[in-house]
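Residue numbers (my numbering), protein chains in the order written: chain A, 154 to 291; chain B, 838 to 1095. Yeah, the Cβ is synthetic: ideal placement off N, Cα and C, and Gly gets one too.
In structure tokens, the structure reads:
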């Protein structure tokens, strides 16, 4: 997980978009809109775009609930071979953070694949991905 | 169904399985089945509310969203087949979300939207529905854009717009404030009277004293022409003539003043 994140950070891939914003709920709409635009551009279906929006919502709700005061959330979304992957990272007040609410977890894993939550260097990192439908001609 | 702090996930899943067994047992009575169904619904209401809350910010009343989500849950319970080996929650979440999305798609704008946007929306919806039918899956934005002959970004913008339809009720009370309705002005039906009275008073003051006296007695004191005649010692005919002359003059002055 760490290596994937670091690779993404150093990559100058034109297929990655990174947004950073204060860990405040008012900014969730921005992240949702960015996520939806990237999902649309990656030729995900309208339903999948909705899934991505909702997944971003669930992810940020959890991340912001454990964020350290005055910290920033870094959202990175990449499109590689028809797979849209998201990685959301934010410093936490203490590495001893609560698990995501079980409903969040249920919803998130029903919407997107490869859901992962880790703590790295006092930051929470949540990641997931969605694959383009095989019947879509990109 | 209690799901207090002592109930672990495993216990919950075991109870859930048992209830679904009852629901699918041919020998179960109607009341047993109804009871199991009710318990399953109740067990999963917190999940329904969790999902509804995610959508509530879109300006649709929370109760309406929760209701649509609950209908999705009930459908999921009725259609779930435990033998397929998929956990109920994994099966239920997409069904619940689908019901909420349909609710939002079917709801119409409660504010006036410019015709251009409405037409764009109609074109996009028609293309979306036709493509979904043909492809057997939800279409992509690029596919809709091509079919509807609408710019890719316009499709995206329209999708964004269609999720916003917030209007506030007139009796909604903002936190720490008075209801909206209390802060709205009202047309005072007596306001026109004030203006008229002001105009008439000015014109009345310009009348000769005897005419002013007659008008006052007739319209302010409410005396009849005969009573006025008696009081000022003239005939009723004279009062009538006096009144007519004064009123004609007043009317002309009012028209001139306006």
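Listed along the chain, the chain B residues whose CB falls inside 8 Å of the CB of residue 288 of chain A are 972 and 974. Per DSSP, residue 1043 of chain B lies in no alpha helix (DSSP H) segment and is marked neither H nor E.
The beta carbon of residue 221 of chain A is closer than 6 Å to those of 244, 245 and 246 in its chain, skipping five residues each way along the sequence. Only buried fits residue 203 of chain A, as 16 or more other CB atoms lie within 10 angstroms of its CB. The DSSP assignment places complete alpha helix (DSSP H) segments of no fewer than 4 residues inside the segment 904-974 of chain B at 925-943 and 952-972, in order along the chain. CA-to-CA, the gap between residue 969 of chain B and residue 984 of chain B works out to about 12 Å. Counting along the chain, residue 242 of chain A sits inside the beta strand (DSSP E) bounded by residues 236-244. Going by beta carbons, residue 191 of chain A and residue 170 of chain A fall inside the 8 Å limit.
In the structure shown, the three-state DSSP call for residue 252 of chain A is coil. Across the structure, residue 268 of chain A and residue 930 of chain B are spaced so that their CA atoms are roughly 16 Å apart. In the same chain as residue 232 of chain A, and ignoring 5 residues on each side of it, the C-beta atoms closer than 7 Å to its own belong to 168, 191 and 195, in chain order.
Partner residues in the beta bridge of residue 174 of chain A, as assigned by DSSP, are A:226.
Excluding residues up to 5 positions away in sequence, 965, 968 and 969 lie with their Cβ nearer than 7 Å to the Cβ of residue 976 of chain B in the same chain. Between residue 1036 of chain B and chain A, the shortest Cβ-Cβ separation is not below 8 Å. At a cut-off of 8 Å between C-beta atoms, residue 887 of chain B counts as an interface residue with respect to chain A.
With fewer than three CB-CB distances shorter than 8 Å, the segment 172-182 of chain A does not count as touching the segment 908-923 of chain B. When the five nearest sequence neighbours on each side are left out, the beta carbons in the same chain lying within less than 7 Å of the beta carbon of residue 874 of chain B are those of 860 and 914, in order along the chain.
The shortest CA-to-CA distance from residue 1085 of chain B to any of B:1044, B:926, B:1072 and B:850 is the one to B:1044. From the beta-carbon of residue 997 of chain B, the residues of chain A found nearer than 8 Å are 186 and 189. Not a single unbroken stretch of the alpha helix (DSSP H) spanning 4 or more residues falls wholly within the segment 256-289 of chain A. Per DSSP, the unbroken alpha helix (DSSP H) holding residue 1068 of chain B starts and ends at 1062-1069. With respect to chain B, the C-beta atom of residue 252 of chain A has no partner C-beta closer than 8 Å. Around residue 227 of chain A, no beta-carbon contact reaches into chain B at under 7 Å, the shortest distance being about 22 Å. Inter-segment contact for the segment 206-217 of chain A and the segment 844-855 of chain B is absent: fewer than three beta-carbon pairs are separated by less than 8 Å. In terms of Cβ geometry, residue 854 of chain B and residue 898 of chain B do not form a close pair [threshold 8 Å]. For residue 1080 of chain B, the CB contacts under 8 Å within the same chain, skipping 5 residues up- and downstream, are 1051, 1052, 1055 and 1062 in chain order.
Assigned with DSSP and collapsed to three states, residue 232 of chain A falls in strand.
As DSSP reads the structure, residue 220 of chain A sits in a beta bridge with A:245.
The criterion of a C-beta distance shorter than 8 Å is satisfied by residue 280 of chain A and residue 240 of chain A. Burial check for residue 266 of chain A: the Cβ neighbour count within 10 Å stays below 16, so the residue is exposed.
Within the same chain, no residue comes within 6 Å of residue 884 of chain B by CB-CB distance, once the 5 residues on both sides are set aside. DSSP places residue 866 of chain B outside both helix and strand once states are collapsed to three, so it counts as coil. Contacts with chain B at 8 Å (Cβ-Cβ) do not include residue 173 of chain A.
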